[in-house]
Each structure stands twice: as structure tokens, then as C-alpha cells.
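Novice:
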Amino acid sequence: MFERWLTDDLGIGRVWGYLGMAGVFAALSGLLFYKVPAAYAGWVYAVLALSFVLKLSERERSDFLKNTFTESAFRRIRLTENALAGLPFALVLVLTGHWLPVLAFMLTVVVLALVRMNQGGQWVVPTPYFHWPFEFIVGFRRSVMIMALAGFLVYKTFETGNAGLGYFAQILLFFTFFTYYLKPESRFFVWLYSQKTDAFLRHKIWLSVLCASVLTMPLALVLGMWATENWWIPLAIQVMGYLFLSAIVLAKYAAFPGEITLPQVILLALCFTFPPLILLVIWMFWKQARRQIKPLAG
């Protein structure tokens, strides 16, 4: 399925796809260990890795495997895929010398593959978004561990006096919000808004910014008042977070009804190296999104 996504949806070969993902993975891993203090980097990395592996344990996916394969085959499949998904993260932890985090991570990975989740009496994770857009409601529940990690980093910020941890938590929240817009919704849910094209796009951008502000704005204000000499850093992160979030919302609808394409990803990646470029990218994605959404507009 992953290789079909590379070849059919992104239009790139399997080899280039794997090489590209390996390069991005190595770069992001290196950035995390560079930015986060060594005392916490291993545990922060392990929790982020675990949040990725947890997606393989989603109930719908597990139910499909259980209904398709025998119990013993189901266990072998879950162990194999959890091991393969966790191996790159475990290798990074080993190479950086974080032995306790890697042991805890691999043990948890194995337990997740063997333990059957209770099918009855599900507990729904509460969100701060009430009846707001589904992207944040669904996304928040799927990334609750990352939210907990961000909260832990904020706690450590004030315990250790290291403002860098707070800035990293702010950036981590925005990167998590970006992932909420990677999958397109059904055409029906776009048509349901019954709005003109420009009004619909403004509405989606405004809601994304508003929802992101619920968690990031209080953090930015506290960091700005706490580290007064560097008050501009959380402000800059907040502004750039809003701009990148707006660009990703527009990229989603510029590729609608398909998924975000590789050229769009490359453009967004270039913006991280030269941030002023994001304004041009937003304008480009706006034009493309208007063209894609117009047939469904009210």
C-alpha cells in the first residue's frame, strides 16, 4: 500500500521514495537531538516514535486484520509491522547512546502488538475543540501522546529555566497541527458548506488558525512574558506557524480531491530554508485551491 502511494499518488519511484524518506527522517531526527537537551532528548524521541507506531494499533485497522487472518497470523503480522516501524527509531536511539529509552520503547512496541485492546466501553478522549472542524477533533485524539509530550516540555521549561524547551514545544504543536490536513475529506463535506470559493477557503484558514491558537497562543504569551529579553522568539514562531498552517490548508484543497502532492511538499520544504518564500507559496496555493474547489462551491 505504501509503495502504491509512492508510485500512483506521488508519481515517484520506490527507490527514490525510500531514499527521500530516509533523508528526511535522518534530518528531522538530527534536528531534534540538536535542539533538545541531551538529558531529555532520548525520552522525547521515544515518545514521538511511540506515537507513530501507535497508529498501527488503530481499532479499525486491527479489526480488519483480526477478521482476515487467524489469531496466530494476526499476532505475527502485528509483531512484524511494529518491529519494522520501530526499528529506525530504535537504531537512532542506540547510535546516540540512549539505552534506557530504547529499551522502554521496544518493550512498549512489543506489548502493543501482543495485547488485545478492549472492544467494549470505549473512552473518548476529550478535546478543547467542541464542535469545531473535524480535522482538529480527530487529529487531537490521534496525537494525544504528542500533546502530553508538549505539556511535559513546558513543565521542564520552567523547572530547568531552559526557554529552548518551551520554544521546541511550541514548534512541535504546530508541526502536529500540520499533519491534520494531509488527508482530504469527501467531496460531500466540501459541498455541504454551500459557500462561495473564496469564502470557503477563508473560513477553513480562519478556523485552522483559531484552533491552533487554543493551545499555542497561551504558551507563546507565557514564554514571551517569562523570557522578556527574547519575547520576539515565541511571537516569530507563532506568526510563522500561522503562515505555514494556512499554506498547508490551501495545499490540501489545491490537490483536492487527491492528497497533497510531492511538488507541494517540496515547495513547503523550501520555505523552511527561506521563510519569506511562504508568502508566494500561499498565493500560488490559493489560486490552485480556488480552481479545484470552484465546481463544488455554492
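Numbering (my numbering), first residue to last: 1062 to 1359.
A virtual CB, placed ideally from N, CA and C, is assigned to each residue, including glycine.
Our contact map puts L1093 next to A1102 with C-beta atoms below 8 Å; I'd like the distance itself, whole angstroms only.
Specialist: 7 Å
Novice: Assuming H1264 is part of the alpha helix (DSSP H), what are its boundary residues?
Specialist: 1258-1287
Novice: With a threshold of 8 Å, are at least 3 pairs of Cβ atoms found where one atom belongs to the stretch 1301-1318 and the other to the stretch 1340-1353?
Specialist: They touch, by the three-pair rule.
Novice: With DSSP as the reference, label S1204 as helix, strand or coil.
Specialist: coil
Novice: Are the CB atoms of A1110 and F1150 nearer to each other than 7 Å?
Specialist: yes
Novice: Count the CB pairs spanning the stretch 1230-1246 and the stretch 1277-1290 that are closer than 8 Å, and state whether there are at least three.
Specialist: yes
Novice: Find out if the Cβ-Cβ distance for the pair V1310, S1269 is shorter than 7 Å.
Specialist: yes
Novice: Have a look at L1243 and L1115 and give me their C-alpha separation to the nearest angstrom.
Specialist: 18 Å
Novice: Is the Cβ-Cβ distance between A1350 and Y1314 less than 7 Å?
Specialist: yes
Novice: Using DSSP with H/G/I as helix, E/B as strand and the rest coil, what is V1300?
Specialist: helix
Novice: Ignoring anything shorter than 4 residues or poking outside the stretch 1062-1117, list the alpha helix (DSSP H) runs there in chain order.
Specialist: Those alpha helix (DSSP H) runs which fall completely within the stretch 1062-1117 and span 4+ residues are 1075-1096, 1099-1115.
Novice: DSSP state of G1292, grouped into three classes?
Specialist: Looking at the sequence provided, one finds Trp at residue 1292 rather than Gly. If DSSP states are grouped into helix, strand and coil, W1292 belongs with coil.
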